[in-house]
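K.L.:
Residue numbering for the sequence shown follows our numbering, starting at 11 and increasing by one per position. In this text, a Cβ means the ideal position worked out from N, Cα and C, and glycines have one as well. A single structure is presented below for examination.
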Amino acid sequence: MDRREAVASIVAQKPKAIIFASNGFTARELFSLGDRQENFYVIGAMGFASSVALGYSLCAPEKETIALDGDANILMNLPSLVTIAAQKPNLIHVVLDNGISASTGGQKSYAADVDLAKIAKACGYSRAIELDNKTKLEIALKRNERPLFILAKISAQEFEKPRVGILPEILAERMKKVA
Numbered sequence: 011m012d013r014r015e016a017v018a019s020i021v022a023q024k025p026k027a028i029i030f031a032s033n034g035f036t037a038r039e040l041f042s043l044g045d046r047q048e049n050f051y052v053i054g055a056m057g058f059a060s061s062v063a064l065g066y067s068l069c070a071p072e073k074e075t076i077a078l079d080g081d082a083n084i085l086m087n088l089p090s091l092v093t094i095a096a097q098k099p100n101l102i103h104v105v106l107d108n109g110i111s112a113s114t115g116g117q118k119s120y121a122a123d124v125d126l127a128k129i130a131k132a133c134g135y136s137r138a139i140e141l142d143n144k145t146k147l148e149i150a151l152k153r154n155e156r157p158l159f160i161l162a163k164i165s166a167q168e169f170e171k172p173r174v175g176i177l178p179e180i181l182a183e184r185m186k187k188v189a
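If you want it as structure tokens, here you go:
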């Protein structure tokens, strides 16, 4: 499965969810599929989509929240897994693992050297699932355990996407309206 297929599947399966997308190609992909008020693009803060999503989820626990991360992004903020697990938010944490830092030139990430799903489970996530295709992703997104960690293995093939053209202060104002 490629990034577009995974992100499109998440949006289709969870049309009412509030989605926080990590910087770089993950945010660009979500933006390219159609901007919506419920999308927050964590621009310029590599590794912090999970932390921002956690904060929102704790303030609006009735809303289903999704942290959409890349493998290199979560490695930049691995301690967020501990905090998320301890807080038990209404959060689905999806890590799209293509094995590279695509946005910074395609360098190999260290994700292949660690078992991110096992780390999330050891930190205390209710469920941690590793998968590699759209059907398994759709099934995993139907699970009710929270916080839920999904490690989605995706291809490293990248396609140029437009940059998110919305200023961070506008994104913040939009998010206040959906809280």
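Select from Lys144, Glu48, Ala27, Ile139 the residue whose C-alpha is nearest the C-alpha of Ile180.
P.N.:
The shortest C-alpha separation from Ile180 is found at Glu48.
K.L.:
How about Gly34 and Gly80: do their beta carbons lie closer than 9 Å?
P.N.:
Result yes, Cβ atoms of Gly34 and Gly80 sit closer than 9 Å.
K.L.:
Among residues of its own chain, excluding the 5 on either side of Gly134, which ones have a beta-carbon nearer than 6 Å to its beta-carbon?
P.N.:
Within the same chain, Gly134 has close Cβ partners Ala95.
K.L.:
Is there a Cβ from chain C that is less than 9 Å from the Cβ of Ala189?
P.N.:
The question asks about chain C, but that chain is absent: this structure has only one protein chain.
K.L.:
Going by CA-CA distance only, name the one from Ala37, Lys118, Pro25, Lys26 that's closest to Arg13.
P.N.:
Comparing Cα positions, the closest option is Ala37.
K.L.:
Considering Cα atoms alone, identify which of Phe50, Val21, Ile149, Ala55 is closest to Ser67.
P.N.:
The shortest Cα separation from Ser67 among Phe50, Val21, Ile149, Ala55 belongs to Phe50.
K.L.:
Return the first residue and the last residue of the beta strand (DSSP E) that Phe30 is part of.
P.N.:
It spans 28-31 - the beta strand (DSSP E) in which Phe30 sits, taken as one unbroken run.
K.L.:
Can the beta-carbon of Val21 be found less than 9 Å from the beta-carbon of Leu40?
P.N.:
Yes, these two residues count as a Cβ contact at 9 Å.
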